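Using our numbering, read the sequence shown as starting at 771 and increasing by one per residue.
Ideal Cβ positions, reconstructed from N, Cα and C, are used throughout, including at glycine.
Remember, it's a predicted structure, so these values are computed and weren't measured experimentally.
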Amino acid sequence: MRFNPEEIRTAAKEDFDAAWNDGRRYVKRANINQGYPYMELNYGKVHPVYETISRLREAYLRMGFHEMMNPLIVDEKEVHKQFGHEALAVLDRCFYLGGLPRPNVGISEERIDMIKGMLGDIDEEGIERIRRILHSYKKGEIEGDDLVPEMSMELEVSDSLIVEMIEQVFPEFKELAPVCGRKTLRSHMTSGWFISLSGVLKRAEPPFNFFSIDRCFRREQAEDAARLMTYYSASCVIMDENVTVDHGKAVAQGLLAQFGFEKFRFKPDEKRSKYYVPDTQIEVFAYHPKLVGSKTKYSDGWVEIATFGIYSPTALAEYEIPYPVMNLGLGVERLAMILYSAMDVRSLTYPQIPQYSSWTMQDSELAKMIYIERTPVTPEGEQILAAIVKQCELHGSEPSPCEFPAWEGTIYGRNVKVSVIEPEDNTKLCGPAAFNEVLVFKGDILGLPNNKKWKEAFENDSARTGIRFIDAFATQAAWEIEEAVKDGKKLMETRVRIVKVPSEINIRIKPLIQHYITSNKKKIDIRGPVFTTVRAEIE
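Laid out in structure tokens, this is it:
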């Protein structure tokens, strides 16, 4: 709250301790549903694959490589040029691109009658406009998403009528089936490198060091824990007259060492792809201490992480490239799985899809979804809430029957006196569970006393809601007093006995979390004897 510095200085000179203690009144009390842990400074969460891409980009740039974007759509003839006799096997794994053909639509007399019946008074000139627009669409002069707006504008008819007319009069559009062409989605970054390097040589001379991190597409028979039909390749090339296999080893170590890999092994790749020079296709195995003892097939710390080789002159010659080229590539998702200790590439890539990943939430996340339902809306209501809690804290153990004045003042122009009471004999002002706090502990939502038994549960402040049973009850009572004043009532009593479910103590848990708790066989246990009453006398 704002304060007057001059007044504070004067008060401090007169009585420093009194002025210092009075500082409490300038600290605003947060609304119970808006304080910590509900109050948080949010931050964005990175996706592990994109974070790995970002780190790879920085790693390549630190090593002096220039970034390049390679063609994503590749004609199948390029694949034949690059892979030679292996082209058919490669193309079998490629996605071919197709599209809907543009039908040659005629307008018969029967269709003219249907058009006039739907669009109203359309003369011969209007029919001719439709014919001309359809012809332009067939020739590709009008794009598919412009067909309806163009026809609507020419005929001065609403878009919705045009859509309905096309659907009913020209069924050819609904019956269209895609036709495949000869263009493919890149299945290997290599498909793009040949095209790019051929173009670069027309404008510059080597040596060149380039890298590209982008999507590739592979028509797998099925996706599983280790492979997806679309993945990211982090690939680089070095074009130089004197390039050797050792360049590949040096790049592999220089790149992967930046991610914590410590030792490296290089083994000939048995696949022997025809776009590499024989005996230059090398698999890179790297040791990462994070993998040692893990529940993966890499528990010894060693993992196959990359492949490199020298492009074959027979493939380079097809692109008029007279220089040797070293190419290294690694799958981004493979690296991300190692860095994030993931067991399934699907759950790593698509954690938001239930079928791919289990649903886990931290205790702190669950705590933020537990709240008090009814809260006072006036400053006086907030004062009543605080006063009720204070009296319960001071006198909760007092034997009953008993009554303690809590607050007196004006709400909505009416005088109100609030007391905390317990009319029954041989008990106390508050029951033993009154000061239990709602928190989340190991995935369970609990109402617990803050004692030695539950010390571990109370050590995590981020999973404590800060809501005690008495806080929730006092909030309910303050709200009901406000409502009673507005309704013209003269007496209002709010009483709580044994709490069996959260709603009985004015506590709500969001349905999403209730579903999470049920799905994960966790529990919600918010119950206990609270036994206290608030009475308001209204004039």
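Measure the alpha-carbon distance for residue 1022 versus residue 1076 and round it to whole angstroms. For this step, residue 1022 is matched to residue 252 along the sequence shown. For this step, residue 1076 is matched to residue 306 along the sequence shown. Distance between the alpha carbons of residue 1022 and residue 1076 is about 8 Å.
Inter-stretch contact at 8 Å, needing at least 3 Cβ pairs: the region 846-859 / the region 1012-1019: no
3-residue-minimum beta strand (DSSP E) runs that sit fully inside the region 1147-1217, ordered along the chain: 1172-1181, 1184-1192 and 1207-1211
Top-ranked residue by Cα proximity to residue 1126, from 1107, 1115 and 1036: In the sequence shown, counting from the first residue as 1, residue 1126 sits at position 356. Comparing Cα positions, the closest option is 1115.
Boundaries of the alpha helix (DSSP H) in which residue 972 is found, first to last residue: Translated into positions along the sequence shown, residue 972 becomes position 202. It is not in any alpha helix (DSSP H) - residue 972 carries neither H nor E in the DSSP assignment.
Close-in-space but distant-in-sequence residues of the same chain around residue 927 (CB under 6 Å, 5 per side omitted): Counting from 1 along the sequence shown, the entry for residue 927 is found at position 157. Closer than 6 Å at the Cβ level, and outside the excluded window around residue 927, lie 889.
Cutting at 7 Å between CB atoms, please list the residues of its own chain near residue 935, excluding the five before and the five after it. Here residue 935 refers to the residue found at position 165 when the sequence shown is read from its first residue. Excluding positions up to five away in sequence, the list reads 885, 888 and 889.
Does any residue of chain C bring its CB to less than 7 Å from the CB of residue 1223? Judged by its chain identifiers, the structure shown contains no chain C, having just a single protein chain.
Can you name the start and end residues of the alpha helix (DSSP H) that residue 830 belongs to? The sequence position of residue 830 within the sequence shown is 60, counting from 1. Residues 818-832.
Pull up the DSSP beta-bridge partners for residue 1307, would you. Here residue 1307 corresponds to residue number 537 of the sequence shown, with the count starting at 1. The bridge partners DSSP lists for residue 1307 are 1187 and 1261.
What does the Cβ neighbour count give for residue 1044, buried or exposed, with the cut at 16 atoms within 10 Å? On the sequence shown, position 274 is the one that residue 1044 refers to. Looking at its Cβ environment, which holds 16 or more other Cβ atoms inside 10 Å, residue 1044 is buried.
Neighbourhood of residue 946 by C-beta, 8 Å cutoff - its chain only, sequence neighbours within 5 removed: In the sequence shown, counting from the first residue as 1, residue 946 sits at position 176. If we look at residue 946 and ignore the five residues flanking it on each side, its Cβ neighbours are 870, 871 and 873.
Going by beta-carbon coordinates alone, are residue 1002 and residue 1102 separated by less than 7 Å? What you label residue 1002 is simply residue 232 of the sequence shown in a count that begins at 1. What you label residue 1102 is simply residue 332 of the sequence shown in a count that begins at 1. For residue 1002 and residue 1102, yes; Cβs fall inside 7 Å.
Taking contact to mean at least 3 C-beta pairs separated by less than 8 Å, is the region 1184-1201 in contact with the region 1287-1305? yes
Taking the beta carbon of residue 807 as the centre, do at least 16 other beta carbons fall within 10 Å, making it buried, or is it exposed? In the sequence shown, residue 807 corresponds to position 37, counting from 1. Buried: at least 16 other Cβ atoms inside 10 Å.
For residue 1100, which of helix, strand or coil comes out of DSSP? Taking the sequence shown and counting its residues from 1, the one referred to as residue 1100 is at position 330. Residue state, collapsed to three classes: strand.
Rounded to whole angstroms, how far is the Cβ of residue 1278 from the Cβ of residue 1141, which I believe are closer than 8 Å? Along the sequence shown, one-based indexing puts residue 1278 at 508. Along the sequence shown, one-based indexing puts residue 1141 at 371. Confirmed, Cβ separation roughly 6 Å.
Of the residues 1296, 1253 and 1256, which one's Cα is nearest the Cα of residue 1272? As a position in the sequence shown, residue 1272 is number 502, starting the count at 1. For the residues 1296, 1253 and 1256, the minimum Cα distance to residue 1272 belongs to 1296.
Would a C-beta distance cut-off of 7 Å place residue 1134 and residue 1233 closer than the cut-off? Along the sequence shown, one-based indexing puts residue 1134 at 364. Along the sequence shown, one-based indexing puts residue 1233 at 463. Yes, the Cβ-Cβ distance between residue 1134 and residue 1233 is below 7 Å.
Would residue 1053 and residue 1065 qualify as a contact pair, given that the criterion is a beta-carbon distance under 7 Å? Start at 1 with the first residue of the sequence shown, and residue 1053 comes out as number 283. Start at 1 with the first residue of the sequence shown, and residue 1065 comes out as number 295. No; because the gap between Cβ atoms is not below 7 Å, this pair is not in contact.
Spatially closest choice to residue 865 from 1117, 1092, 1240 and 986, by CA coordinates: On the sequence shown, position 95 is the one that residue 865 refers to. With distances taken between Cα atoms, residue 865 lies closest to 986.
My understanding is that residue 1035 touches residue 1055, with C-beta atoms under 8 Å, so please give their C-beta distance in whole angstroms. Position 265 of the sequence shown, counting from 1, holds the residue named residue 1035. Position 285 of the sequence shown, counting from 1, holds the residue named residue 1055. About 4 Å; that satisfies the 8 Å criterion.
If I measure Cβ to Cβ from residue 882 and keep anything under 8 Å in the same chain, skipping five residues before and after, which residues do I get? For the purposes of this step, residue 882 is taken as residue 112 along the sequence shown, with counting starting at 1. Answer for residue 882: 897, listed in chain order.
Between which residues of its own chain and residue 1117 is the CB-CB distance below 6 Å, once the five residues before and five after are set aside? Against the sequence shown, residue 1117 aligns to sequence position 347. Excluding sequence neighbours, residue 1117 sits near 1126 and 1127.
With respect to the alpha helix (DSSP H) encompassing residue 934, which residues constitute its N-terminal and C-terminal limits? Stepping through the sequence shown from its first residue, residue 934 is reached at position 164. Note, residue 934: alpha helix (DSSP H), 929-939.
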